[in-house]
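What follows is a set of notes on a single structure, which appears directly below.
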Amino acid sequence: MYDFTYTKPSSIPAAVQALGADIEAKALAGGQTFIPVLKQRLNKPSAIVDLADLGLRGIAADDKTITIGAMTTHHQIETSEDIKRMLPGLAKMASWIGDTQVRHRGTMGGSLANNDPSACYPAAVLALNATIHTDHRSIAADDFFQGMFTTALEPGELITAIEFPIAEKTSYEKFRNPASRYAMVGVFVAKTAAGVRVAVTGAGQGGVFRHTAMEQALSANFSADAITGITTPSDGLNGDIHASPEYRAHLIGVMARRAVAAA
Amino acid sequence: MPQVSLTVNGRSHTAEVEGRTLLVELLREGMGLTGTHVGCDTSQCGACVVHIDGESVKSCSILAIQANGCAVTTIEGIAEADGTLHPMQAMFREHHALQCGFCTPGMVMSAIDLVQMHPEGLTEDEIRHGLEGNLCRCTGYHNIVKAIAAAWPIMHGKELPLAAE
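Note that the protein sequences, when read in sequence, are chains C and V. Counting in this note's numbering, the first sequence runs from 1032 upward without gaps. Counting in this note's numbering, the second sequence runs from 2 upward without gaps.
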């Protein structure tokens, strides 16, 4: 790892200022992706701004929304009684990320800012059309994800919280890479008063995407049978040593049907 | 260089570190606590698991300076002062839950956290899933699972409601 200066500001404005003052400075959330990246010398920040002291850890629920602080860990999300009751698909998703030790450190804000095409959270955030709150604005999920490792965040802009609307039903199914436990294909299904949204992660070359054919079928009839005949074109899907684009296209259907059946 | 002050196994330490110094480097090279191992160095194998403020974490994926002000427990800190083994260590020995022993410190630290997180009981399935962050290339895990199931009643002072086997 290349060396860097380390700061741990105690207010959001101070953190934003530290990141804004140095174009090569990087924010550190849970570090479970970023520190391995630094160890591989894939990134060479001049300064690390640790976000741990900004008071961004915690979960608040009312009868319409659940708001999750950006520095809330996967472990806190998987064990939150409010999330297990009101967004069970999200709690299940968090419980399948990495392993216990990674879940103790890794954060939702860090995962979303990174927007790894195989990360789980983007599927829940997009399917529920959650709102990403940052230090100076709010961004709808529909506008947030802009391709592999790319988001609407400006340089130095910090996610502060993610606000999820409560849904009637939420469910997530994931075909895990058995070694890395990242999603080879993950499908999140959310049923709300406005209809059904289906988001797919791990499969698309451009990162998370919505499956509109399934959404229309499920909005008319929320059952696994309703999407049995729906296939997914393999164009634009990832192919690697673990799975071809065609296999991923097939898995999308399987994961979606399992998610609906379990919702 | 930045200073880090933390408690390790109940004793206060202050050390000068580089920003990039990993917690496991501080423990092993700065403090001589070589019980915490570095296996894969890519946060997969779990040989470096320690507890920070009671939670199991991979010390190869945390900067030493992130642990500033925290209480760290390593494998050296879980037995009693007179050398009496922690119940998890005793059950690992009793059930022959190690062969080469390289993964054992991390296994024991993860296992203690797993048992503490499940006061309601622990099934064999939960134990096996709970060890997802720790790799053992010798034992096939079977005796490790047995040892953890055997440590649960001792750590909680009651019978395990759902037997692991």
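Glycine included, every Cβ here is placed at the ideal spot set by N, Cα and C. As the structure is a computational prediction, the values presented were derived from the model and not from experiment.
> According to a CB-to-CB cut-off of less than 7 Å, which residues of the segment 1052 to 1067 of chain C neighbour chain V?
Replying inline: Those residues of the segment 1052 to 1067 of chain C that come within reach of chain V (Cβ to Cβ, closer than 7 Å) are Gly1062, Gln1063, Ile1066, Pro1067.
>> Between which residues of its own chain and C/Met1091 is the CB-CB distance below 7 Å, once the five residues before and five after are set aside?
In response: If you number the first sequence from 1, residue 1091 of chain C lands on position 60. The identity of residue 1091 of chain C in the sequence shown is Ala, whereas the question assumes Met. Within the same chain, Thr1098 come within 7 Å of C/Ala1091 by CB-CB distance, once the 5 residues on both sides are set aside.
> From V/Leu28 to V/Gln67, what does the alpha carbon distance come to, in whole angstroms?
Replying inline: Numbered from 1 along the second sequence, position 27 holds the residue referred to as residue 28 of chain V. Numbered from 1 along the second sequence, position 66 holds the residue referred to as residue 67 of chain V. The C-alpha of V/Gln67 is placed about 13 Å away from the C-alpha of V/Leu28.
> Measuring CA to CA, which of C/Lys1070, C/Phe1219, C/Lys1222, C/Thr1243 is closest to C/Pro1264?
Replying inline: Position 233 of the first sequence, counting from 1, holds the residue named residue 1264 of chain C. Out of C/Lys1070, C/Phe1219, C/Lys1222, C/Thr1243, C/Thr1243 has the C-alpha closest to the C-alpha of C/Pro1264.
>> If you measure between the beta carbons of V/Glu133 and C/Asp1130, is that distance less than 8 Å?
In response: On the second sequence, position 132 is the one that residue 133 of chain V refers to. On the first sequence, position 99 is the one that residue 1130 of chain C refers to. A contact, by the Cβ cut-off of 8 Å.
> Roughly how many whole angstroms lie between the Cα atoms of V/Ala165 and C/Pro1044?
Replying inline: One-based indexing of the second sequence puts residue 165 of chain V at position 164. One-based indexing of the first sequence puts residue 1044 of chain C at position 13. In this prediction, V/Ala165 has a pLDDT of 47, which is less than 50 and means its spatial position is unreliable; what the coordinates show is noted afterwards. About 51 Å.
>> Quick check on the DSSP output: what are the complete alpha helix (DSSP H) runs of length 4 or more inside the segment 1160 to 1190 of chain C, in order along the chain?
In response: Annotation: the segment 1160 to 1190 of chain C contains the following complete segments of the alpha helix (DSSP H) (minimum length 4 residues), in chain order: 1172 to 1175.
> Span of the alpha helix (DSSP H) holding C/Gln1048?
Replying inline: Your numbering for residue 1048 of chain C matches position 17 in the first sequence. For C/Gln1048, the enclosing alpha helix (DSSP H) begins and ends at 1043 to 1052.
> Cα-Cα, which of V/Cys101, V/Gly33, V/Ala150 is closest to V/Glu125?
Replying inline: Counted from its first residue, the second sequence places residue 125 of chain V at position 124. Minimum Cα distance to V/Glu125 is reached at V/Ala150.
> Who are the near neighbours of C/Glu1204 in its chain, counting only those whose CB is closer than 6 Å to its CB and skipping five residues on each side?
Replying inline: Within the first sequence, the letter at position 173 stands for residue 1204 of chain C. Correct list, in chain order: Val1218, Met1286, Arg1289, Ala1290.
> Quick one: complete alpha helix (DSSP H) runs, 4+ long, within the segment 91 to 157 of chain V?
Replying inline: DSSP runs (the alpha helix (DSSP H)) wholly in the segment 91 to 157 of chain V: 105 to 118, 125 to 131, 143 to 157.
> Considering only the beta carbon of each residue, do C/Met1117 and C/Ile1197 sit closer than 8 Å?
Replying inline: For the purposes of this step, residue 1117 of chain C is identified with residue 86 of the first sequence, where counting begins at 1. For the purposes of this step, residue 1197 of chain C is identified with residue 166 of the first sequence, where counting begins at 1. Yes, the Cβ-Cβ distance between C/Met1117 and C/Ile1197 is below 8 Å.
> Would DSSP call C/Ala1290 helix, strand or coil?
Replying inline: In the first sequence, residue 1290 of chain C corresponds to position 259, counting from 1. The answer is helix: DSSP assigns C/Ala1290 an H, G or I state.
>> Give me, in chain order, the residues of the same chain whose beta-carbon lies closer than 8 Å to that of C/Ser1111; leave out the 5 immediate sequence neighbours on both sides.
In response: Within the first sequence, the letter at position 80 stands for residue 1111 of chain C. Answer for C/Ser1111: Ile1090, Ala1122, listed in chain order.
>> Pull the bridge partners of V/Gln4 from the DSSP assignment, please.
In response: Counted from its first residue, the second sequence places residue 4 of chain V at position 3. Answer by DSSP bridge pairing, in chain order: V/Glu17.
>> Just checking: is the beta-carbon of V/Glu56 within a distance shorter than 8 Å of some beta-carbon in chain C?
In response: Within the second sequence, residue 56 of chain V is the residue found at index 55, counting from 1. By this cut-off, V/Glu56 is an interface position.
>> Below 8 Å on C-beta distance, what does C/His1105 contact in chain V?
In response: By 1-based counting over the first sequence, the position of residue 1105 of chain C is 74. One finds nothing in chain V with a Cβ atom closer than 8 Å to the Cβ of C/His1105; even the nearest lies about 12 Å away.
> Helix, strand or coil: which one does DSSP assign to C/His1242?
Replying inline: Counting from one through the first sequence, the residue named residue 1242 of chain C turns up at place 211. Three-state DSSP puts C/His1242 in coil, outside helix and strand.
> Shorter than 8 Å from the beta carbon of V/Val73 to some beta carbon of chain C?
Replying inline: As a first step, residue 73 of chain V must be located in the second sequence, where it is residue number 72. Taking 8 Å as the CB threshold, V/Val73 stays off the interface with chain C.
> Relative to the alpha-carbon of C/Ala1274, which residue among C/Ala1056, C/Tyr1213, C/Ile1054, C/Pro1186 has its alpha-carbon at the smallest distance?
Replying inline: Sequence index remark: in the first sequence, residue 1274 of chain C carries index 243 (1-based). Measuring from the Cα of C/Ala1274, the nearest candidate turns out to be C/Tyr1213.
> Quick one: which chain V residues come within Cβ less than 7 Å of C/Asp1130?
Replying inline: As a working mapping, residue 1130 of chain C is identified with position 99 in the first sequence. Those within 7 Å of C/Asp1130 in chain V are Glu133, Gly134.
> Hey, is C/Ile1079's beta-carbon within less than 8 Å of any beta-carbon in chain V?
Replying inline: Along the first sequence, one-based indexing puts residue 1079 of chain C at 48. So, interface residue.
> Identify the residues that DSSP records as bridge partners of C/Phe1219: which are they?
Replying inline: Taking the first sequence and counting its residues from 1, one reaches residue 1219 of chain C at position 188. C/Phe1219 is bridged to C/Tyr1203, C/Ala1230.
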